[in-house]
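To start, the structure itself, in structure tokens.
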Amino acid sequence: MLGVCLRYSNDLSEAEDTLQDGFIKVFQSIKSYQFKGSFEGWIRRIMVNTALERFRKSKNMQVVDEIWEPDPDPEPEESIQNADIPLDALLQMIQGLPDRYQMVFSLYVLDGYTHNEIAEVMDITVGTSKSNLARGRAILKQKVNDFLSEKENKLKIC
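Heads up: the sequence shown begins at 739 in our numbering, then just goes up one per residue.
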């Protein structure tokens, strides 16, 4: 569950705080678990909701509705598709996204929320959710390209 919390946090300390708060909620509401679906899934949902709750409380969520325009090149570059990027480096890149982009990206890509669900839990419009995802992906794509270029340059030097 620490991995789940890390995706919604800026650093390990923040993730640990979210994890602790989440497990307190798990233990407080364990009697309400109805043995429908996996226990892990139930706990994961509590952790995500706890992270969202902490985000709403701690961040200034002044989100301006943005008009989403689809990416004219939706196909990922082959070098990115086949890239060998360490998981910790990828997690750092995700954590480096602006807070609202990180939250939407994690909810949509990593946890499978729909834009309607994201709009509801973050109190934004569906269009803003789509725009934040597109912009977060664009930033992440640039970070991945920078990482790969740096990695390639190091190999040339050796």
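Idealized CB from N, CA, C, for every residue including glycine.
### Query
Roughly how many whole angstroms lie between the Cα atoms of Ala876 and Ser751?
27 Å
### Query
When the distance is taken between beta carbons, is Phe793 closer than 8 Å to Met739?
no
### Task
Using the Cα positions of Lys879 and Asp759, report the straight-line distance between them to the nearest angstrom.
32 Å
### Query
In three-state terms, what does DSSP make of Ser770?
helix
### Task
May I have the straight-line CA-CA distance separating Leu757 from Cys743, to the nearest angstrom?
6 Å
#### Entry: Range covered by the alpha helix (DSSP H) that runs through Ser796
Phe777 to Ser796
### Message
Short of 7 Å in beta carbon distance, which residues of its chain neighbour Asp780, apart from the five on each side in sequence? Order them along the chain.
### Response
First, the amino acid is wrong: residue 780 is Trp here, not Asp. The beta carbon of Trp780 lies closer than 7 Å to those of Tyr771 in the same chain, with the five residues before and after it left out.
### Query
By how many angstroms is the C-alpha of Ile823 removed from the C-alpha of Tyr839?
21 Å
### Beta carbon of Tyr846 nearer than 8 Å to that of Leu871
A contact, by the Cβ cut-off of 8 Å.
### Nonlocal neighbours in the same chain, by C-beta distance under 8 Å from Ser796, ignoring five residues either side
none
### Task
Measuring alpha carbon to alpha carbon, tell me which of Leu829, Glu778 and Ser747 ends up nearest Val882.
Leu829
### Query
Can the beta-carbon of Ala827 be found closer than 8 Å to that of Phe885?
yes
#### Entry: Backbone secondary structure at Glu863 - three-state DSSP
First, the amino acid is wrong: residue 863 is Thr here, not Glu. In the structure shown, Thr863 sits in coil (DSSP, three-state: anything other than H, G, I, E or B).
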